[in-house]
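Read the structure below first, then the notes.
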Amino acid sequence: MSLNEEVEALRSVPLFAKIEPSKLKLLAFTSERLTFPAGQELFHQGDPGDAAYIILDGQADVVVDTPHGELSVAKVGMNDFVGEIAILIDVPRTATIRAETELTTLAITKDLFFRLISEFPDMSVEIMRELAHRLEATTAQLREANSAP
Amino acid sequence: MEKSIYRYIIRYSMRRQVVLTIMATASFPFLYAFYELPKLIVNSAIQGKDTTFPTSVSQIQFDQVEYLWLLCGIFLGLVIINQAFKYVINVYAGITGERMLRRLRFDLYGRVLRFPLPQFRKTSSSEIVTMVTAEVEPLGGFIGDAFKLPIFQGGYLIVILAFLFVQNWYMALAAVALYPLQGYLIPKLQRRVNLLGKERVRLVRQLSDRIGETVAGVQEIHAHNTARRERADFSHRLGAIYEVRLQIYIWKFIVKFLNNTINQLGPFSFYAIGGYLAIKGELEIGTLMAAIAAHKDLAAPWKELLNFYQRQADAKIKYEQVMEQFQPVGLAEESRQLDEPDAIAPLSGEIAASNLSLIDDTGAALVEGASFMVDAAEHVAIIGGGGSGKDETTQMLARLLSPTAGTLRLGGQAADTLPEAVTGRRLAYVGSSAYMFSTTVRDNLLYGVKHLPLRDAEYDDETRQATEKWRVEAIAAGNSTDDINADWIDYDAADAPDDHALLLRIFETLKMVTLDGDIYQLGLRGSIDPATQPGLAEQFLKARAEFHTRLTDPEIAALVEGFDPEKYNDNATLGENLLFGTPIGSGFDMERLAENTYVIDLLEREGLIDVLLDTGQQIASTMTELFADLPPGHPFFEQFSFISAEDLPEYQAILTRINRDGIATLRPEERTMLLSLPFKVSPARHRLGVIDDDLQQRILKARKAFAANLPEEFRGMVELFDVNGYNAAASLQDNILFGKLAYGQARGGERVGEIIAQVIDDLGLRAAVMEVGLSFHVGNGGGRLSSAQRQKLGIARAILKRPDVLILNEATGSLDGAAQTAILAGLKQEFDGRGLIWAVHRPSMASDFDRALVMKSGRVIEQGTFEELNREGTALHDLVQAE
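From first to last, the protein sequence lines are chains A and B.
With my numbering as the guide, the letters of the first sequence map in order to residues 24 to 172.
With my numbering as the guide, the letters of the second sequence map in order to residues 46 to 928.
Set out below in structure tokens:
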């Protein structure tokens with residue numbers, strides 16, 4: 024996959040959809056493309072967070088440890104952005120992500136992420152917007168959950 | 046050491062000085078004859094005065110011309126004899142001086158080895174270096190001249206003067222009339238120059254001290270931004286040296302001026318007085334001429350003598366100055382360091398200190414009346430905070446420091462009577478930062494078992510003769526006659542009968558200090574010479590084959606892209622693909638392939654230049670697009686860009702020009718700039734999509750042509766990849782890998798490392814890799830190792846010589862917790878039945894020891910087992926609680 028294809032992939036990620044292509048190209052060029060064989064973990068719950076991943080290809084399981092063993096809570100796939108919480112704020116990984124099929128990702132290290140944000144303020148606005156969307160969605164879910172019974 | 050330089054000279058070179066004196070004296074008659082002869086030639090042979098021809102010499106008849114030939118022949122003979130005398134005397138004096146210089150330096154170095162440790166706080170290493178190297182240098186020359194020069198030159202002067210006085214004493218007297226004044230004035234002036242010279246030596250010594258400090262403290266200079274201050278300080282010192290040098294210069298020329306002027310008074314009096322007498326007929330022309338010739342030669346010895354007088358004063362002072370520095374209080378006896386006892390019994394029994402005290406040069410008591418008694422086979426922890434005196438106590442136990450009062454008995458013997466042959470072998474000491482010498486890991490480890498040459502080195506006839514010559518010369522200069530090339534390793538001390546057992550013992554020791562993994566890694570990154578170790582190279586080729594067999598597993602296959610001569614390696618750069626080998630030296634600098642004439646010629650022949658220029662243009666435009674918005678100096682440039690921030694505008698200009706005028710108009714250096722870019726691109730890593738299949742095929746073709754046409758001068762500069770050949774220029778790891786780590790495989794490097802480790806273990810090559818790791822050169826002061834590695838190596842070195850008592854002074858304080866625990870456990874086990882005295886950095890560590898000594902303010906305040914002492918109200922308890 025060449026840089027231009029990666030840029031196309033990045034543009035399909037909602038978080039980066041509105042960012043200029045040239046910035047995305049820099050993001051793609053400076054981040055490392057990492058391939059995980061099926062079964063390998065991207066990271067484990069409780070680990071310190073050092074990078075976030077944009078999934079370019081493949082499927083992965085989101086797993087949390089419970090007292091009764093592992094519990095698969097979601098699946099992520101192409102164009103999903105995972106692991107960003109742990110690089111935005113210093114918290115341990117909240118879940119484990121394990122490749123289900125061979126998984127191609129772009130790994131964005133914490134360092135790189137903050138450099139890009141400080142260099143290109145547009146990007147941080149986009150990220151803020153995306154996070155606000157998520158907050159809104161989560162709040163809505165909570166409301167529903169509370170009003171359900 | 047002798048108090049004055051003359052005593053030193055007489056003591057060590059009496060015989061040679063006598064020979065020199067005799068030779069000098071023997072030369073005088075010939076010298077006199079040499080001055081007498083011209084008079085005879087002019088007066089008798091040429092002018093024919095007082096001689097009737099034919100004349101007879103030894104009953105042979107000579108006419109006038111023949112007589113002239115005879116005398117001239119004799120004159121020529123005398124010239125040769127006199128010069129031969131000079132030559133022989135000078136060479137002999139030179140040898141004497143050089144031998145004495147060698148002896149002096151050796152003596153001084155020997156003294157440095159015997160300095161009491163506190164002395165090194167007063168004298169800096171750079172001061173010692175300048176004293177032993179530069180400052181004593183002129184002493185060598187002086188020693189050679191010490192007797193010979195005044196006798197030879199003085200005699201020479203007297204001969205010439207005698208000759209002049211015999212000719213005509215008025216004239217002679219006039220010629221030397223000002224000599225007394227000169228003899229009085231010049232040394233006075235010269236003394237001034239010499240004082241300045243001494244000042245210069247002092248300043249330069251301080252300067253070198255400062256340079257040494259700068260190098261040692263360079264971190265602080267960076268960390269505190271004091272470069273400006275350091276520059277000012279250095280400049281100030283240089284200024285002072287300049288002033289002194291300038292003064293020396295000026296005074297030197299004043300002396301020269303006076304000297305030359307006074308010397309010219311000689312010819313003045315010859316022409317005036319001699320000429321007057323000749324006109325009056327009271328002096329023959331030949332005599333006058335001979336007198337002028339003789340006088341011309343008078344200046345040289347006279348100058349030499351004046352000079353010598355100053356050199357002598359100078360040498361005396363310099364010798365005394367240096368000796369002062371090398372005569373510290375508490376200098377150890379030479380016998381203590383060099384005596385080799387008949388048998389060295391193991392140290393057993395009690396280690397008893399009574400009233401042990403140590404007072405430093407400021408009068409502060411570091412240890413004050415410490416008394417204790419432990420068994421030499423016990424494990425003892427010494428506990429105490431900073432200033433408790435535990436550091437100094439361990440150093441006194443190891444006999445590194447001598448107590449200022451009190452007694453220390455080691456196994457029934459007074460410690461101060463024991464030679465280093467005992468304390469340095471039966472005891473071992475490791476402080477908190479072990480020093481590593483600038484040699485291999487192996488040599489550093491074995492440093493503790495190399496006390497004396499045990500087995501002669503093997504020589505062939507030629508080298509044996511050379512060695513014997515060296516030895517004879519070393520004896521003549523009073524140097525060490527031990528052969529540095531002999532085998533010094535004491536296998537018995539390491540409890541290893543042979544090299545193989547020693548190696549196993551080293552591995553065991555390294556494991557004990559948790560350094561085996563590090564050495565293995567160093568080994569993997571090291572290399573072997575297949576020419577000297579063909580068997581081993583073969584083994585690693587097998588490992589390569591085995592590794593690549595395992596790569597057929599698709600899981601692993603993705604991790605490595607092997608080198609295949611027929612395939613373009615996506616994980617390697619274009620440069621690496623073209624070279625397809627490991628560069629040796631700077632012939633093929635990977636960063637500057639576009640400047641290499643052979644590479645460019647090759648690309649030209651292969652018709653690749655235009656394609657690569659195009660590719661370069663694409664890369665340049667991508668880079669300018671990506672990085673143009675970033676401020677210069679942004680870390681991304683360093684990390685990711687092919688183009689540095691400084692070069693970016695230039696590339697932008699090039700691109701603009703290409704768009705406007707076409708690529709053909711570029712200047713040669715601009716073409717080189719563009720061409721340099723594609724060489725750095727690897728398709729897998731950079732994903733720029735600029736190296737398409739067609740280009741790859743053409744590079745493969747060029748790769749073959751590169752290898753086939755490699756000119757003679759470039760042969761040794763690249764080792765081409767060959768799947769069946771060991772690559773001497775690459776590391777062991779790269780030889781096994783024989784390919785590139787695939788880019789972008791999660792934990793790829795780690796997983797490949799594991800597979801390589803498996804292959805190495807399966808083939809039984811671990812020991813071989815470790816051995817390569819042992820030949821890793823640790824750099825200056827061990828700088829190529831981490832401080833933890835140095836410390837572990839220091840502990841391993843002490844274990845390896847199997848001391849009866851191992852003394853440690855916070856030796857694991859700087860290591861991580863896991864290593865501390867492992868080493869403590871390992872040492873406890875290894876030294877079961879032998880002594881272990883450990884000044885611990887954490888009081889709780891003492892719980893593992895048989896006995897604990899608690900020190901405070903230089904005294905032992907509690908002693909007993911840890912359990913006994915660790916209860917409410919004891920100092921130990923407080924220390925443990927405070928931990």
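Every residue, glycine too, gets a C-beta built ideally from N, C-alpha and C.
- Annotation for B:Arg847: Ala538, Ala539 and Asp540 place their beta carbon closer than 7 Å to its own, counting only its chain and skipping 5 residues before and after.
- Residue-level contact by beta carbon holds for B:Arg732 and chain A, with a gap shorter than 8 Å.
- Excluding residues up to 5 positions away in sequence, Val735 lie with their Cβ nearer than 7 Å to the Cβ of B:Gln663 in the same chain.
- At a cut-off of 8 Å between beta carbons, B:Glu636 makes no contact with chain A.
- Relative to the Cα of B:Phe687, the nearest Cα in the group B:Trp214, B:Ser727 and B:Ala129 belongs to B:Ser727.
- Interface annotation, A:Ser35: not in contact with chain B, CB-CB separation never under 8 Å.
- When secondary structure is reduced to three states using DSSP, B:Thr178 falls in the helix class.
- Taking the beta carbon of A:Leu26 as reference, the chain B residues within 7 Å of it are Arg732, Leu733 and Gly734, listed in sequence order.
- Counting C-beta pairs with one atom in each stretch, the region 790-810 of chain B and the region 579-598 of chain B have three or more that are closer than 8 Å, which means they touch.
- Residues are counted here when their Cβ sits less than 8 Å from a Cβ of chain B; for the region 50-70 of chain A these are Ala51, Phe52, Thr53, Glu55, Arg56, Leu57, Thr58, Phe59, Pro60, Gln63 and Leu65, given in chain order.
- At a cut-off of 8 Å between beta carbons, A:Glu29 contacts chain B.
- Excluding sequence positions up to five before and after B:Asp615, its CB lies within less than 6 Å of the CB of Pro728 and Ala729, all in the same chain and listed in chain order.
- Put simply, the backbone Cα of B:Ala521 is about 23 Å away from that of B:Arg159.
- Going by DSSP, A:Met146 is part of the alpha helix (DSSP H) stretching over Pro144 to Ser170.
- Residue burial annotation: B:Val63 is exposed, with fewer than 16 other C-beta atoms found within 10 angstroms of its C-beta.
- Secondary structure note for B:Arg879: it is in no alpha helix (DSSP H), with a DSSP letter that is neither H nor E.
- Within chain B, Thr667, Glu670 and Leu671 have C-beta atoms less than 9 Å from the C-beta of A:Lys48, given in sequence order.
- Listed as beta-bridge partners of A:Ile131 by DSSP are A:Ala75.
- According to the DSSP assignment, A:Arg56 belongs to the beta strand (DSSP E) that extends over Glu55 to Phe59.
- For B:Leu442, the enclosing alpha helix (DSSP H) has its first and last residue at Lys435 to Leu442.
- In the DSSP assignment, B:Glu423 forms no beta bridge with any residue.
- Per DSSP, the continuous alpha helix (DSSP H) segment holding B:Asp738 begins and ends at Asp738 to Ala753.
- For B:Asp659, the closest of B:Leu740, B:Leu675, B:Glu651 and B:Ala603 by C-alpha to C-alpha distance is B:Leu740.
- Taken through DSSP and simplified to helix, strand or coil, B:Tyr53 comes out as helix.
- Its chain contains His822 and Val823 as the residues whose beta carbon lies nearer than 8 Å to that of B:Thr484, once the 5 sequence neighbours on both sides are disregarded; these appear in chain order.
- Taking a 10 Å sphere around the C-beta of B:Ala479, we find 16 or more other C-beta atoms and assign the residue as buried.
- Secondary structure remark: continuous beta strand (DSSP E) runs of at least 3 residues inside the region 848-904 of chain B, in chain order: 850-854, 880-884 and 896-901.
- Its chain contains Phe208 and Ala339 as the residues whose beta carbon lies nearer than 6 Å to that of B:Tyr80, once the 5 sequence neighbours on both sides are disregarded; these appear in chain order.
- Looking at the DSSP output, A:Arg121 bridges to A:Glu64 and A:Asp84.
- Judged by beta-carbon spacing, B:Ile534 lies within the 8 Å limit of B:Leu491, meaning their Cβ atoms are closer than that value.
- Non-local beta-carbon contacts of A:Asp103 in its own chain, meaning distances under 7 Å to residues more than five positions away in sequence, involve Ile78 in chain order.
- Residue burial annotation: B:Ser402 is buried, with at least 16 other C-beta atoms found within 10 angstroms of its C-beta.
- Within chain A, the C-beta atoms nearer than 9 Å to that of B:Phe685 come from Leu49, Phe52 and Thr53, in chain order.
- The beta carbon of B:Glu606 lies closer than 6 Å to those of Asn614, Asn616, Gly784, Lys785 and Ala787 in the same chain, with the five residues before and after it left out.
- Straight-line measurement puts the Cα of B:Ile868 at about 10 Å from the Cα of B:Thr554.
- Contact fails between the region 668-679 of chain B and the region 744-753 of chain B, because fewer than three Cβ pairs, one in each stretch, are under 8 Å apart.
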